[in-house]
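Student:
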Amino acid sequence: MAAATHGANVWAALASVRAKNPLVQCIANYVSMDLAANTLLAAGASPAMVHSAEEVEEFIQIAGALSVNIGTLSPPWVEGMRRAIAGAKEAGKPWVLDPVGVGATTYRTKICQELIAMGPTVIRGNASEILAAAGAATEATRGVDSSAASTDALSAAKQLATACGSVVAVSGAIDLITDGRRVLRVANGDPLLQKVTATGCSVTALIAVFLAANPELQPLEAAAYTLAYFGLAAQVAVEAHPGGPGTFRAHFLDALYALGEETVTQGALVSEDPL
Amino acid sequence: MAAATHGANVWAALASVRAKNPLVQCIANYVSMDLAANTLLAAGASPAMVHSAEEVEEFIQIAGALSVNIGTLSPPWVEGMRRAIAGAKEAGKPWVLDPVGVGATTYRTKICQELIAMGPTVIRGNASEILAAAGAATEATRGVDSSAASTDALSAAKQLATACGSVVAVSGAIDLITDGRRVLRVANGDPLLQKVTATGCSVTALIAVFLAANPELQPLEAAAYTLAYFGLAAQVAVEAHPGGPGTFRAHFLDALYALGEETVTQGALVSEDPL
Amino acid sequence: MAAATHGANVWAALASVRAKNPLVQCIANYVSMDLAANTLLAAGASPAMVHSAEEVEEFIQIAGALSVNIGTLSPPWVEGMRRAIAGAKEAGKPWVLDPVGVGATTYRTKICQELIAMGPTVIRGNASEILAAAGAATEATRGVDSSAASTDALSAAKQLATACGSVVAVSGAIDLITDGRRVLRVANGDPLLQKVTATGCSVTALIAVFLAANPELQPLEAAAYTLAYFGLAAQVAVEAHPGGPGTFRAHFLDALYALGEETVTQGALVSEDPL
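Protein chains in written order, with numbering that gives the first Met the number 0: chain A, 0 to 274; chain B, 0 to 274; chain C, 0 to 274.
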């Protein structure tokens, strides 16, 4: 599929989000809740941060998708994650996992493995996290920062995707998205995204939004289109308002809110590797 | 009372907040803490986010009012809410309830009913939440977003106000505030407020501030004046700096901080329905 | 040591942070996580918000320093704090304590005393907090706001520093930093910092960053240089972009990110009292 076609598809997927205003349940972490909620609102979705074991199973019934993030992990939240995921699976709703910092501690890795075994629709992380999640990491991760080039993680991502039947997305200078067989690449983004906390968590939650609003797309495409839209908004923000991470965050949300058809269709840089 | 008089009263109430710098205890939710705290600081108050059952009753003794928000509910926080409210009532301090997402799950509705039965000074929500809180909802709420026009909620708000002896404020294009008998309307605001997470939670906490700083006002007026000031700041921000939700949030806080007497007196749009 | 020399040292310490990109573990509070993480990223460090008793001891092994903040205290977090501090001490890593609101409630004071007894490398608070922490407070604190001039707190700070073998930093119009014997003063800063929530928490976490990246410095100097850099960024932001607290927050992060050698060397206002 040519890049130009992908650009039109990214726009169509975004237009569907804006038209449908999907309600997405997020079990986010304490750091990322504010930006994740604002990202979803700017994109045209309705975020609901609901994490408690007392209500997650009931809430997923009225939501279009679920996003699970292990950033600030603790046992009560893990119990909420388990029940929400079980509810999503039973209801046939897509769910997305962000394995923040997996590999950094034994507890985090154990919980992550348990959640991965529940079969996420999409897993998104940086290269270190995907390497750790795939059991392919040869070095300890450094928390949430990526210390491995994303290209190194492609074989790990394919392994992981095949093993758990998920789409795996690896964020980096070039994002890689694979279902274990096909590989899409997204060349949008800006380095300032890494200077603002919770941008990774936010794009993961946004993948859940795109899945909810675009059930006719394959998760491989839905994830790639989300990353392209998100990265393109960063580029547009930086180009129109050069500055540091503080003002960038504001202009980035403005761009997510405002991006129009021509910009998206022409600016989204999605390509597919030959099989 | 004419709108012009209300404008002067909104200014007087705000001036009192800025002069007295009231300390207000907030049991906020994880998503809204940042914006709620910054809203209170910009308005001239001192926010204290204190939620733990171990200290809430003692803390309310030194605070001027209490704000309770059920956004990211869990059992330990509910216990903190119960004790803080009991402490506020015993000490004769006003307290405000934001029934975020009530009606979305059984747990949330049950807790909300329990807290409402404790007699909040003011309850503020969107139309869906007030309908659900009043037991008048005929459809499930969609989390924190409003899916019913606020005017539909007036009779529910009056019922709820009468039943629990509270003032009930319904946010919408036109805010409605009632004590069960009198009805005030506030026509300030901007649609961008709904594209920034936690603005509803923040205005609820700000009502607690206005109550603490203006004990001579009736809660009906204090709530309406808060909504007028908050909405007017949004209008001023949008007019001076048109843009998207990211930059709006920053300019909105600037406006809360800077609004002067003439702007408030002339811009606050408060009116009262004939009895 | 002359102020000019201190200016060069502040720059050298900041340059070391940017070069080494230290990973710092933060047990922050719910309100401050977003700004604290963004402050650390803007300064050139890697923040990791990890609080759970299940993993804090393991995580500190890969981190360069630990920051502990008691803002939104509850028993499970206190257990995480205890274990993280024990791990930091055993591993010889520096750790910093922010005694937010100590003195406001019995619970908060008790926990704070316990943590102080564990011997923080640096304690940073406002004058009220340091007075309370030193057991010298004659009035109840008002939560997180300072109601005593920082100069009043100098003798309390010296007492506290001597008693617990820590460096004590008192934020105010002029920051005071003491090890019980020497006293450094920092004259950087802007009043708008007090109109943005979590700036105090953020500078405390940033002290941990400077300690991690500058092991050759004494903690007295590392703390003072952090406060000078942080306050100078506020000045630069206000001078270039006068406004209110909303836009200030964004420009402040931009300034932390961008401050260059000449600005820091000439603008850092650090002086030492004669012994």
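C-beta: ideal position from N, C-alpha, C; glycine also. Treat the numbers as computed from the prediction; the structure is a model and nothing was measured.
Could you pull the DSSP bridge partners for Ser15 (chain B) from this structure?
Tutor: None, per the DSSP bridge assignment.
Student: From Ala7 (chain A) to Ala236 (chain A), what does the alpha carbon distance come to, in whole angstroms?
Tutor: Going by the C-alpha atoms only, they are around 21 angstroms apart.
Student: Return yes when the Cβ of Val95 (chain A) is within less than 8 angstroms of the Cβ of Thr71 (chain A), no when it is not.
Tutor: No, the Cβ-Cβ distance between Thr71 (chain A) and Val95 (chain A) is not below 8 angstroms.
Student: Which residue wins for smallest C-alpha separation from Gly199 (chain C), given the options C:Ile122, C:Ala249, C:Ala83?
Tutor: Considering only alpha carbons, the answer is C:Ile122.
Student: Residues of chain C with a CB under 7 angstroms from the CB of Asn29 (chain B): which are they?
Tutor: First, the residue type needs correcting, since residue 29 (chain B) is Tyr and not Asn in the sequence shown. Neighbours of Tyr29 (chain B) on chain C, chain order: Tyr29.
Student: So is Asp33 (chain B) in contact with chain C if we call contact Cβ pairs under 8 angstroms?
Tutor: Chain C, which has a Cβ nearer than 8 angstroms to the Cβ of Asp33 (chain B), makes this yes.
Student: Is it buried or exposed, Glu53 (chain A), if we count other Cβ atoms within 10 angstroms and call 16 or more buried?
Tutor: Counting Cβ neighbours within 10 Å, Glu53 (chain A) comes out buried, since at least 16 surround it.
Student: Closer than 7 angstroms, Cβ to any Cβ of chain C: which residues of the stretch 182-197 of chain A, in chain order?
Tutor: Going along the stretch 182-197 of chain A in chain order, one finds Lys194, Val195, Thr196 with a Cβ nearer than 7 angstroms to chain C.
Student: Any beta-carbon of chain A closer than 8 angstroms to the one on Ser73 (chain B)?
Tutor: Ser73 (chain B) counts as touching chain A.
Student: Pick helix, strand or coil for Met32 (chain B), following the three-state DSSP scheme.
Tutor: Of the three classes helix, strand and coil, the one that applies to Met32 (chain B) here is helix, per DSSP.
Student: Give the secondary structure of Thr71 (chain C) by DSSP, where H, G and I count as helix, E and B as strand, and everything else as coil.
Tutor: Coil, per DSSP.
Student: Look up Ser270 (chain A) in the DSSP assignment and give the residues it is bridged to.
Tutor: The partner list for Ser270 (chain A) (beta bridge, DSSP) reads A:Arg184.
Student: At 8 angstroms on the CB atoms, spell out the chain C contacts of Met48 (chain B), in chain order.
Tutor: Those within 8 angstroms of Met48 (chain B) in chain C are Asn28, Tyr29, Val30, Gly70, Thr71.
Student: Going by alpha carbons, who is nearest to Glu282 (chain C) out of C:Phe251, C:Leu219, C:Thr264?
Tutor: Look at the range of chain C in this structure, 0 to 274, and you will see that residue 282 (chain C) is not part of it.
Student: At which residues does the beta strand (DSSP E) containing Ala47 (chain C) begin and terminate?
Tutor: Start and end: 45-48.
Student: Please check if any C-beta of chain C sits within less than 8 angstroms of the C-beta of Asp97 (chain B).
Tutor: So no, Asp97 (chain B) is outside the interface.
Student: What three-state label does DSSP hand Gly79 (chain A) in the structure shown?
Tutor: Reduced to three states, the DSSP call for Gly79 (chain A) is helix.
Student: Going by DSSP in three states, Ala64 (chain B) sits in which element: helix, strand or coil?
Tutor: In this structure, Ala64 (chain B) counts as strand in the three-state DSSP scheme.
Student: Decide if Thr246 (chain A) is buried, meaning its Cβ has at least 16 other Cβ atoms within 10 Å, or exposed.
Tutor: Buried.
Student: Using three-state DSSP, classify Asp189 (chain B) as helix, strand or coil.
Tutor: Asp189 (chain B): coil per DSSP, three-state reduction.
Student: In whole angstroms, what is the alpha-carbon distance linking Asn187 (chain B) and Asp151 (chain B)?
Tutor: When rounded, the distance between both Cα atoms is 19 angstroms.
Student: Could you tell me whether the Cβ atoms of His50 (chain C) and Ile26 (chain C) are closer together than 8 angstroms?
Tutor: Contact: yes.
Student: When the cut-off is 8 angstroms and only beta carbons count, does Arg81 (chain B) lie next to chain A?
Tutor: By this cut-off, Arg81 (chain B) is not an interface position.
Student: Against chain C, which members of the stretch 209-235 of chain A pass a CB distance test of less than 9 angstroms?
Tutor: Under the 9 angstroms Cβ criterion, the stretch 209-235 of chain A contributes no residue.
Student: Would you kindly check if the distance between the Cβ of Gly63 (chain B) and the Cβ of Leu13 (chain B) is under 8 angstroms?
Tutor: Not a contact, by the Cβ cut-off of 8 angstroms.
Student: Answer yes or no: does any C-beta atom of chain A fall closer than 8 angstroms to that of Ala249 (chain B)?
Tutor: Yes, because at least one Cβ of chain A sits closer than 8 angstroms to the Cβ of Ala249 (chain B).
Student: Using a Cβ-Cβ distance under 8 angstroms, would Ala254 (chain C) count as near chain B?
Tutor: Taking Cβ atoms only, chain B never reaches closer than 8 angstroms to Ala254 (chain C), which makes this a no.
Student: Opposite Ala168 (chain B) in the DSSP bridges: which residues?
Tutor: Paired residues: B:Arg123, B:Ile176.
Student: Please work out which residues of its chain come closer than 6 angstroms, Cβ to Cβ, to Phe58 (chain C), disregarding the five sequence neighbours upstream and downstream, and give them in chain order.
Tutor: Same-chain partners within the cutoff: Gln24, Val49.
Student: Which of the residues in the stretch 91-121 of chain B, read from start to end, lie with their CB under 8 angstroms from any CB of chain A?
Tutor: Residues Gly100, Ala103, Thr104, Thr105, Tyr106, Arg107.
Student: When we look at the beta-carbon of Gln277 (chain A) and count the other beta-carbons within 10 Å, is it buried (16 or more) or exposed?
Tutor: The structure shown does not extend to residue 277 (chain A), since chain A is modelled only from 0 through 274, so no value can be given for it.
Student: Excluding the 5 residues preceding and the 5 following Ala254 (chain C) in the sequence, name in chain order all residues of the same chain whose CB lies nearer than 6 angstroms to its CB.
Tutor: Correct list, in chain order: Ala232, Val235, Ala236.
Student: Pull up the CB-CB distance for Ala11 (chain B) and Val208 (chain B), whole angstroms please, since I reckon it's below 8 angstroms.
Tutor: That pair is no contact at about 15 angstroms.
Student: Kindly say whether Ser270 (chain B), judged by its beta-carbon, lies nearer than 8 angstroms to any beta-carbon of chain C.
Tutor: Closer than 8 angstroms: no.
Student: Select from C:Cys163, C:Ile206, C:Gly171, C:Ala126 the residue whose C-alpha is nearest the C-alpha of Gly179 (chain C).
Tutor: If we check each option's Cα against that of Gly179 (chain C), C:Cys163 comes out closest.
Student: If you reduce the DSSP assignment to three classes, tell me which class Val99 (chain C) lands in.
Tutor: Correct three-state label for Val99 (chain C): coil.
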